[in-house]
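Have a look at the structure below before the remarks.
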Amino acid sequence: MNSRFRNAKIHASALGLLVVFGASALRAKSQDMPGMKMPAPQKAKPSPTPTASPSPSPMNRDMRGMQMPGPSPTPSPQMKMNMPMPAASPSPGDMSGMKGVERVPGMNSMNTSPLLVMSGDNMAVRVGDSDVNLLECGQMGSGTSWAPASSQLHMYDKLAGNWVLMFHFNAIIGVNSQGGPRGLTKFESANWFMPMAFHKFGKGTLQLRGMFSFEPFTFARGGSPLLFQTGETYKGQPIIDRQHPHDLWMELSAQYTRSLGERGTWFIYFGYPGEPALGPPAFMHRESASENPSAALAHHLQDSTHISFGVLTTGFTYRWFKLEGSIFNGREPDENRYNFEAHTWNSRSARFTFAPNNNWTMQVSYGFLRKPEAAEPTTDIRRATASIQYNKPINRGNWATSLIWGRNHTSRPGALHNLNGYTAESTVNFLDKNYLYTRVELVDKNEMLRPADRAVLGIKDDHPSFRIGAYTAGGARDIWNTDKLSVAIGSDLTFYSKPSVLDRIYGNNPVSWQIFLRLRPTRMDMSQMKGMGNPKPGEGKMPPKP
């Protein structure tokens with residue numbers, strides 16, 4: 108057996124052991140609290156027996172996979188209370204009287220505050236015991252980035268003792284056909300899987316996160332066909348017209364967040380691998396690209412650092428603002444997609460994000476990347492990015508849009524280049540099951556031509572730059588939805604613009620297309636999670652969408 112598959116077998120075994128160990132470690136603890144002394148009831152004047160009325164039902168939230176308690180019996184007028192009852196007083200963690208923040212059922216009302224709450228229409232995780240500092244689940248982008256808080260949630264969640272567990276995944280399986288003389292047709296799968304765990308730790312909240320991809324096994328050798336794409340290497344040569352597979356280990360990270368006053372937090376994040384504070388959320392985590400199987404052509408000018416083997420980020424939030432900085436290893440992952448890499452932490456970045464409400468986020472960031480590309484060992488990159496993301500829940504659907512700009516200022520001995528990438532993408536979900544999406548890009552590329560290509564075109568410059576346009580339109584429809592899984596079928600077309608000098612290599616008008624199945628968890632319906640009473644036995648889960 109060659110070393111490639113031996114390493115794959117070793118890492119697959121390690122992943123299995125990690126999952127088994129993690130499941131054992133996070134097993135739900137018993138809620139019995141032996142040894143705890145309960146206060147004696149206070150004496151109170153007896154009052155007349157009240158007229159029977161229905162018992163109030165606590166707010167119920169669907170926690171998939173968690174057994175929900177049945178309703179308490181309603182007292183009847185004949186029931187006698189011979190022992191005086193103490194006056195009710197709220198526990199320190201009780202938020203029942205707090206406007207806009209409600210406890211998710213299943214969490215007891217003892218002195219330990221619940222970690223998972225509803226903030227308006229959004230699910231959130233509390234920062235320690237704070238009643239106002241919350242980690243909005245919809246706002247959690249890749250790494251430490253912010254997405255709009257109103258973004259849809261496709262995930263499973265479960266309470267396990269004092270832990271909140273979540274699991275996301277997305278798998279796209281289908282035929283990818285890239286047109287023109289440089290195009291290829293492949294059957295492939297783009298995919299990722301992401302477990303998360305939250306736990307109150309001291310006066311703050313600990314978040315553990317993993318992200319994995321089987322693309323090293325489900326992409327063709329050398330990557331997924333994608334016209335005009337560049338970045339990273341295969342067999343020591345630059346990858347051209349293909350999207351590289353993501354590593355088996357995309358993220359293993361821990362983040363600790365602690366409150367600073369009523370509206371501020373401080374956090375520290377470590378990832379190996381992880382994502383520094385640079386750029387918008389990575390393309391696979393953007394709601395505006397949720398149905399599009401392809402990476403953006405501007406990926407390596409905007410969000411390519413989302414897999415960095417060694418990241419330390421710290422920062423602060425105050426109300427709508429977030430300021431953070433990172434030191435990290437700026438080297439792109441190598442060709443071995445199953446290993447852990449060790450490089451010098453020689454790069455740095457900073458990012459400022461503004462989220463004025465649940466539907467908008469805006470960020471600007473800047474980073475210095477020391478020798479990121481193995482094929483260009485003398486080249487440094489100074490990257491600047493800016494982006495605006497908008498998400499709007501609509502009747503029986505959702506609309507998400509992103510506008511992104513990224514610029515690489517590359518410097519090598521004797522040469523300087525400025526490469527810009529502009530991306531506009533949007534996805535609308537309507538009538539529950541239907542999706543339309545688009546992506547429009549203008550990208551500067553200077554790594555598309557091999558020496559043989561430059562000879563054919565009579566170009567002597569080692570890095571000639573070209574402005575490439577890519578215009579994608581597609582759609583998808585959910586064809587099978589349960590309370591656990593959503594399956595859709597989709598397709599798209601992509602057209603291109605390019606300088607005519609490239610016609611001899613790429614053809615006059617190449618056209619690419621894809622047809623695919625998309626699998627992911629069913630969307631969590633927050634409207635059904637609000638205002639629901641205790642379910643009857645067997646009714647603890649939300650029904651699937653019609």
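Note that my numbering has the sequence shown beginning at 108, numbered continuously upward.
Just so you know, even glycine gets a beta-carbon here, dropped at the ideal spot from N, CA and C.
Predicted, not measured: the structure shown is a model, and the values here were computed from it.
Run of the alpha helix (DSSP H) containing residue i, from where it starts to where it stops
| i | result |
| --- | --- |
| residue 407 | 406-409 |
| residue 612 | 610-613 |
| residue 558 | 558-564 |
8 Å contact criterion, which residue i and residue j should meet: CB distance rounded
| i | j | result |
| --- | --- | --- |
| residue 323 | residue 445 | 6 Å |
| residue 514 | residue 525 | 6 Å |
| residue 430 | residue 459 | 5 Å |
| residue 334 | residue 617 | 6 Å |
Selected residue, minimal CA-CA separation from residue i, among the options
| i | options | result |
| --- | --- | --- |
| residue 256 | 543, 266, 245 | 245 |
| residue 297 | 304, 321, 285, 258 | 321 |
| residue 577 | 442, 597, 539, 531 | 531 |
| residue 289 | 555, 593, 319 | 555 |
| residue 310 | 402, 364, 628 | 364 |
| residue 341 | 273, 441, 385, 223 | 441 |
| residue 410 | 330, 338, 361 | 338 |
| residue 538 | 397, 281, 523, 500 | 500 |
| residue 425 | 252, 237, 368 | 368 |
| residue 543 | 362, 254, 550, 397 | 397 |
| residue 473 | 571, 433, 317 | 433 |
Simplified DSSP state of residue i, which is helix, strand or coil
| i | result |
| --- | --- |
| residue 323 | helix |
| residue 285 | coil |
| residue 413 | helix |
| residue 447 | coil |
| residue 531 | strand |
| residue 249 | coil |
| residue 469 | strand |
| residue 273 | strand |
| residue 225 | strand |
| residue 303 | strand |
| residue 483 | coil |
| residue 396 | helix |
| residue 555 | coil |
| residue 262 | coil |
| residue 230 | strand |
| residue 318 | strand |
| residue 100 | This structure leaves residue 100 out entirely; the chain is present only between 108 and 653. |
| residue 216 | Legend: pLDDT at residue 216 = 37, less than 50; position of this residue unreliable, no value from coordinates given. |
Assigned exposure category for residue i - 16 Cβ within 10 Å defines buried
| i | result |
| --- | --- |
| residue 623 | buried |
| residue 344 | exposed |
| residue 415 | buried |
| residue 603 | buried |
| residue 587 | exposed |
| residue 520 | exposed |
| residue 498 | buried |
| residue 449 | exposed |
| residue 384 | buried |
| residue 633 | buried |
| residue 376 | buried |
| residue 381 | buried |
| residue 282 | exposed |
| residue 294 | exposed |
| residue 563 | exposed |
| residue 518 | exposed |
| residue 597 | buried |
| residue 174 | Confidence at residue 174 is low in this model, with a pLDDT of 43, below 50, so the placement of that residue is unreliable and no value is reported for it. |
First and last residue of the uninterrupted beta strand (DSSP E) at residue i
| i | result |
| --- | --- |
| residue 386 | That residue, residue 386, is in no beta strand (DSSP E); it is neither H nor E in DSSP. |
| residue 358 | 356-367 |
| residue 496 | 487-501 |
| residue 328 | Note, residue 328: premise wrong, no beta strand (DSSP E); not H, not E. |
| residue 514 | 504-519 |
| residue 548 | 541-552 |
| residue 593 | 592-604 |
| residue 629 | Run containing residue 629: none; DSSP gives neither H nor E here. |
Residue i beta carbon near the ligand PLP (any heavy atom closer than 7 Å)
| i | result |
| --- | --- |
| residue 360 | For the structure depicted, the ligand PLP is absent and the ligand set is empty, with no information on it obtainable. |
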